[in-house]
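Engineer: Residue numbers are given in numbering that gives the first Met the number 0: position 279 of the sequence shown equals residue 278, and the series is strictly consecutive. Note that beta-carbon positions come from the ideal geometry of N, C-alpha and C, so glycine has one too. Structure in structure tokens, see below.
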Amino acid sequence: MLKFINYQLGNEQTQNELEQKISPLIQQTVQLNLKAFQTFNPQILEIIQQHNVEKHSIFCTNSGQLNIVDIITGRVIYSATPEQEIQQEVEDFVRQAPVIFLDETCQGGDAEPLPAVIDVLMVFGFGLGYHIVPLLQSARIKYLIIYEPELDNIACSVQSTDWQQIFELAAATGTQLSFQFGNAGASIAEDIQELLYIVPDLQKIYLYRHLCHPVSDEIIAFLHQNTGKPEELQRKSRQFRGFNMATDYVAEHPKNILGFQPLSTVLQTEHTTLFSRNMLAFAKLYPELHQLLSVYQPTAWLLAQDNDGLDNLYHKDRRIFLYQDLLEDSEKLVKQYLAEPFKDDVIVGQAASDKLASYIHFKYIKKLRDFFLALKSEKHPLPVAVDSLIVFGVALGKHIELLYQQRDITNLYVCEPNLDFFYASVFVTDWSAILLDAENNNKRIYFNIGGDGAEYFNDFMGQFYQVGAYAIANTYMFPAYYTPELYSAINSLRRQLKVVLTMGEFYDHARFGIGHSYLSIEAGHQFLKAELPQESYKLSAGLPVFIIGNGPSLDTSIDFIKQYRSHVVVISCGTAIRSLYKQGVQPDFHAEVEQNRANYDWITQIDDASYLKQINLLSVNGVHPDTASLFGQTYLAFKDGEASTQIFRKGMTEQGFSIASLSYAYPTVSNLAINYAIKLGFKTMYLFGIDLGYADITRHHSKHSAYYNQSGKEIINYEQHYGSGFPVKGNFRSFVYTKPEFDVSRQLIEKVLADIPNKVEVYNCSDGAFIKGTAPLDPANIIIQQKDDAASICEKICKLAYYKKGNKNCARQILADYDLSLLAASIDRWCDLIDVKVSGYQQAKDLIDKQWKLLIDESSDKENIIFYLFYGSSNYFFSILTKMLPWDNSEKDLERFNHVLKLWRCYLLDAKDDFIKNPVKQDAVSSGLNFS
Numbered sequence: 000m001l002k003f004i005n006y007q008l009g010n011e012q013t014q015n016e017l018e019q020k021i022s023p024l025i026q027q028t029v030q031l032n033l034k035a036f037q038t039f040n041p042q043i044l045e046i047i048q049q050h051n052v053e054k055h056s057i058f059c060t061n062s063g064q065l066n067i068v069d070i071i072t073g074r075v076i077y078s079a080t081p082e083q084e085i086q087q088e089v090e091d092f093v094r095q096a097p098v099i100f101l102d103e104t105c106q107g108g109d110a111e112p113l114p115a116v117i118d119v120l121m122v123f124g125f126g127l128g129y130h131i132v133p134l135l136q137s138a139r140i141k142y143l144i145i146y147e148p149e150l151d152n153i154a155c156s157v158q159s160t161d162w163q164q165i166f167e168l169a170a171a172t173g174t175q176l177s178f179q180f181g182n183a184g185a186s187i188a189e190d191i192q193e194l195l196y197i198v199p200d201l202q203k204i205y206l207y208r209h210l211c212h213p214v215s216d217e218i219i220a221f222l223h224q225n226t227g228k229p230e231e232l233q234r235k236s237r238q239f240r241g242f243n244m245a246t247d248y249v250a251e252h253p254k255n256i257l258g259f260q261p262l263s264t265v266l267q268t269e270h271t272t273l274f275s276r277n278m279l280a281f282a283k284l285y286p287e288l289h290q291l292l293s294v295y296q297p298t299a300w301l302l303a304q305d306n307d308g309l310d311n312l313y314h315k316d317r318r319i320f321l322y323q324d325l326l327e328d329s330e331k332l333v334k335q336y337l338a339e340p341f342k343d344d345v346i347v348g349q350a351a352s353d354k355l356a357s358y359i360h361f362k363y364i365k366k367l368r369d370f371f372l373a374l375k376s377e378k379h380p381l382p383v384a385v386d387s388l389i390v391f392g393v394a395l396g397k398h399i400e401l402l403y404q405q406r407d408i409t410n411l412y413v414c415e416p417n418l419d420f421f422y423a424s425v426f427v428t429d430w431s432a433i434l435l436d437a438e439n440n441n442k443r444i445y446f447n448i449g450g451d452g453a454e455y456f457n458d459f460m461g462q463f464y465q466v467g468a469y470a471i472a473n474t475y476m477f478p479a480y481y482t483p484e485l486y487s488a489i490n491s492l493r494r495q496l497k498v499v500l501t502m503g504e505f506y507d508h509a510r511f512g513i514g515h516s517y518l519s520i521e522a523g524h525q526f527l528k529a530e531l532p533q534e535s536y537k538l539s540a541g542l543p544v545f546i547i548g549n550g551p552s553l554d555t556s557i558d559f560i561k562q563y564r565s566h567v568v569v570i571s572c573g574t575a576i577r578s579l580y581k582q583g584v585q586p587d588f589h590a591e592v593e594q595n596r597a598n599y600d601w602i603t604q605i606d607d608a609s610y611l612k613q614i615n616l617l618s619v620n621g622v623h624p625d626t627a628s629l630f631g632q633t634y635l636a637f638k639d640g641e642a643s644t645q646i647f648r649k650g651m652t653e654q655g656f657s658i659a660s661l662s663y664a665y666p667t668v669s670n671l672a673i674n675y676a677i678k679l680g681f682k683t684m685y686l687f688g689i690d691l692g693y694a695d696i697t698r699h700h701s702k703h704s705a706y707y708n709q710s711g712k713e714i715i716n717y718e719q720h721y722g723s724g725f726p727v728k729g730n731f732r733s734f735v736y737t738k739p740e741f742d743v744s745r746q747l748i749e750k751v752l753a754d755i756p757n758k759v760e761v762y763n764c765s766d767g768a769f770i771k772g773t774a775p776l777d778p779a780n781i782i783i784q785q786k787d788d789a790a791s792i793c794e795k796i797c798k799l800a801y802y803k804k805g806n807k808n809c810a811r812q813i814l815a816d817y818d819l820s821l822l823a824a825s826i827d828r829w830c831d832l833i834d835v836k837v838s839g840y841q842q843a844k845d846l847i848d849k850q851w852k853l854l855i856d857e858s859s860d861k862e863n864i865i866f867y868l869f870y871g872s873s874n875y876f877f878s879i880l881t882k883m884l885p886w887d888n889s890e891k892d893l894e895r896f897n898h899v900l901k902l903w904r905c906y907l908l909d910a911k912d913d914f915i916k917n918p919v920k921q922d923a924v925s926s927g928l929n930f931s
């Protein structure tokens, strides 16, 4: 089920020895094959020489045999012994060869013993190529047609198979070889017509599927469905789109690859009995799931018994089984996982920000750096007691049953996107026993069945917040099988969880948010109304908005922005303002989301105070007062989830100000700007430079921005700081590279657009990541009706949508509700609690839970500000402490845990003194960059 390369490699020494032994043989094979191509088929040599390998590569398994690995996913095609696997496959084919008939008068089944002489054999998939020679030896084949859509596999075969033997054996037996490389078989109608022209009395074509492919499998299914129907088989208008649904995914070389093994879908008594028992349990504990299963009918995958009489999942159209052996596969999967479980590393290795090095939080992160490095290299078996385990993939569920029997799992999350799979599991896995055990022992089981993975984050966070988000760090993830969509969902979830724990509101962010919000209210900054008057919505509905980020594609869009500038509202985002200034464009609004003073340094690179004063600032309540002072008017909204929002919103409401709060104004300023535009009622938006990715790592922002000097050279090495990124679907290209923060930004924009109750048109004119809910639009194709009064309309909207300057004393009155002596006393009690030397695993684990309880208890006093200041930091440090729990009570692990606990205690004391000394302190961070 999980055919990954790491399961087929030996230890480092053994693997090196195997590779050194086989390397000369590979080199020799390559040289001989190149000569063979020159002699027998120069066209193949040309194909190989011109092809650049994209994803497939040869490697040596722990059995000393060659295999093919997908270097992007780590998936392998064959078992650890491909030679024996393919030999058995050919023997099976000789005994029962799948066949189709080209004559209506011919009668026969889907398969028959392979005759000694045949006219045509079609092979789908070349792979390593080990099957070709034994096929030529098994029968006299007049025409052998080989389809292989993946040219990478042909490149791999040059290192693995003896091509000269193939050519010589074909010549000796009189076999005509036809290589259809880069072709999955879509030319099948033309090929059959050509064969009938060459062999007029052709009655049969034998089909050998060596590798599954979405298009090839559809073609093979088509051939079987139309056997004996020559007109249908030769109909050229037939289009093959392939099995591209997520639930149709199969591995390249599964069981029953030849597609003829007998099976039974007749349910036995033990299946129906278990199904009834499981359904009773679901009806009692999960009624919605019971209702779904009660009426469900499988669509693609059926519960079946394979030719070994074992329960299996069978794809009725692709004719393959999911398992090789249900129990053996499940036991192996669980054994491997118990020995090396996957526990997410979202905390390990968080960098101490250079820019924010003066912050208390990052001072202590820096002190943890060596611990992070040590943790990265450590591996532990799955403990006997597991707090949280997420299983991605149920299939027939035996691995869950086995795992649940061997480990004590408090919170089990079960995710299965394929309803066919989960429905079949109800006949095979004893869910009732698992659910009964959970009910009797105060455990929890959460089901996410049939989802596509997009909702995993919200589902899991809803559960994690009940026990503290730090539970993420003690959560194990168990991928049970592979599909591209499932692994994409898992990786997306990991990135989102990382943002929660590493980009959350730690102490310094909370304290400066409070201070800046206080000063904003005192300065009379204007706040957005929670409910806008209808007149405001009417004005904004007909006014288009350009939202401009600083992505590299801004440079190619600037002429179009200038063309329509006077007819639209322009919002610049973050560092884009300098790029626009250098290009002679002045926005109506400038959006900023960061609260530190480094923003002031970035903006004042524009040495033109009058230019900035003609622009209004859009931001949230934590914006730095110095940044706000640069602009004309400062328009603010609250930002959901911030400590400062929670503190000041209640007080301002009591003063008669009902302030709007933005839900998804993070993690990038483009999120803020899009949220603002929606909140203000704009119905048509155009995104420029909102790339959230890059095609070239050296072109990550506009060349006119401060990321580059006057000569166009990077000021900082972006790849060194942020990595090269990972690929995502592009807006105008097949893919671009992005980083976790950008990817989360994209997903949150998609969520905002999906949640809008009224229709909004968003055109993405950026050459970056594709954003679902937007329409890709080349800037050259923009059509905007003339609106010469855009600026005046925008001014009217602001007058209607924002409160005028309010009561300056409001901020002082709000903070006066909090008693700092209560905060000091709470932190002292907290520090007393952790002023201990932990001597064992359970004590360490209990101490983390006790701290969470203390934080909740202390914050029950409404005059105590402790929760607002330390919720984010405590989740972060609890996660680190959880990551460092002394599993085996070794002296080294205990010493490490106690050292981190001591650092956390010092963190709390430093923060207490810092806040009490000046609760409304301003941030003083500098950008630290040379912009010359």
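1. Spatial neighbours of N306 within its chain, please: CB distance less than 6 Å, with the 5 preceding and 5 following residues excluded, ordered by chain position.
2. With distance defined between alpha-carbon atoms, name the residue in A356, H314, E111 and N5 nearest to A423.
3. Check for me: the beta strand (DSSP E) holding A529 runs from which residue to which?
4. Kindly give me the distance between the Cβ atoms of I4 and C59, rounded to whole angstroms, as I take these residues to be in contact under 8 Å.
5. Evaluate D777 with the Cβ neighbour count: other Cβ atoms within 10 Å of its Cβ, from every protein chain shown; 16 or more gives buried, anything less gives exposed.
6. For Y663, does the three-state DSSP call read helix, strand or coil?
7. Which one of S858, I847 and L846 has the shortest CA to CA distance from L822?
8. Measure how close the beta-carbons of F123 and S215 come, nearest whole angstrom, since I'm counting them as under 8 Å.
9. Compare the Cα-Cα distances from L527 to each of S660, Q533, D436 and Q594 and report the closest residue.
10. Take I955 as the anchor and find which of P624, N674 and A768 has the nearest alpha-carbon.
11. Contact defined as beta carbons within less than 8 Å: I believe L635 pairs with S519. What is the distance between those atoms, to the nearest angstrom?
12. Could you say which of Q267, A299, P340 and V899 lies nearest to G308 if we only look at CA atoms?
13. Residues in the same chain with beta-carbon distance under 7 Å from Y295, minus the five sequence neighbours each way, listed in chain order, please.
14. Could you give the DSSP three-state label for G729: helix, strand or coil?
15. Would R208 pass as a contact of I191 if the rule is Cβ separation under 7 Å?
16. Spatial neighbours of H223 within its chain, please: C-beta separation below 7 Å, excluding the five flanking residues on both sides.
17. E530: which of I658, A540, I557 and D161 sits nearest, CA to CA?
18. Measure how close the beta-carbons of S516 and S643 come, nearest whole angstrom, since I'm counting them as under 8 Å.
19. Let me check understanding here. Comparing Cα to Cα, which of E894, W903 and N863 lies closest to N874?
20. On a Cα-Cα basis, can you pick out the residue from A154, G63 and H130 that is closest to L143?
21. On the three-state DSSP scale, how would you describe Y802?
22. For I605, collect the residues of the same chain with a Cβ closer than 8 Å to its Cβ; drop the 5 residues on either side in sequence, then sort them by chain order.
23. Locate the beta strand (DSSP E) running through R443, then write down its first and last residues.
24. Cα separation between L312 and K254?
25. Do I826 and L880 have their C-beta atoms closer together than 7 Å?
26. Note down, in chain order, each residue of its chain lying with its Cβ closer than 8 Å to the Cβ of V743, except the 5 sequence neighbours on either side.
27. Compute the Euclidean distance between the alpha carbons of L17 and G128, then round it to the nearest angstrom.
28. Let me make sure I understand the geometry here. Which of A394, L381 and H398 has the alpha-carbon closest to that of L326?
29. Among A779, A753, I783 and I782, which one has its Cα closest to the Cα of I770?
30. From the DSSP output, read off the bridge partner residues of L65.
31. Is it the case that the segment 545–558 contacts the segment 675–688, given that we only count it when at least three CB pairs across the two stretches are under 8 Å?
32. Residues bridged to R208 by DSSP?
33. Tell me which residues share the same chain as N182 and place their Cβ nearer than 8 Å to its Cβ, disregarding the 5 neighbours each side in the sequence.
34. Determine contact between the segment 22–40 and the segment 77–89, defined as no fewer than three beta-carbon pairs at a distance below 8 Å.
35. Could you pull out every residue in the same chain whose Cβ sits closer than 7 Å to the Cβ of S552, ignoring the five residues on either side in sequence?
36. Tell me whether the segment 880–899 and the segment 830–849 touch, counting them as touching only if at least three CB pairs, one residue from each stretch, are closer than 8 Å.
Structural biologist: In terms of the structure at hand:
1. Q260 and P261
2. H314
3. That residue, A529, is in no beta strand (DSSP E); it is neither H nor E in DSSP.
4. 11 Å between Cβ atoms; not a contact.
5. exposed
6. coil
7. Ranking the options by Cα distance to L822, first place goes to S858.
8. Indeed, because the Cβ distance is near 5 Å, the residues count as touching under 8 Å.
9. The shortest Cα separation from L527 among S660, Q533, D436 and Q594 belongs to S660.
10. Missing from the structure shown is residue 955; the chain here goes from 0 to 931 and no further.
11. S519 and L635 do touch by the CB rule: their CB atoms are close to 6 Å apart, below 8 Å.
12. Selected option, being the one with the closest Cα: Q267.
13. L418 and Y422
14. The three-state reading of DSSP puts G729 in strand, counting E and B together.
15. no
16. I99 and D109
17. I658
18. 4 Å
19. Distance check between N874 and each of E894, W903 and N863 places W903 closest, using alpha-carbon atoms only.
20. Distance check between L143 and each of A154, G63 and H130 places H130 closest, using alpha-carbon atoms only.
21. For Y802, the three-state secondary structure derived from DSSP is coil.
22. I576, R577, Y580 and L611
23. Unbroken beta strand (DSSP E) run through R443: R443 to I448.
24. 10 Å
25. no
26. R494, Q495, V498 and P666
27. 21 Å
28. From the listed residues A394, L381 and H398, the smallest Cα separation to L326 is found for H398.
29. With distances taken between Cα atoms, I770 lies closest to A753.
30. DSSP lists C59 as the bridge partner or partners of L65.
31. yes
32. Its beta-bridge partners are F123.
33. Y146, E147 and P148
34. no
35. G688, D690, S765, D766 and G767
36. yes
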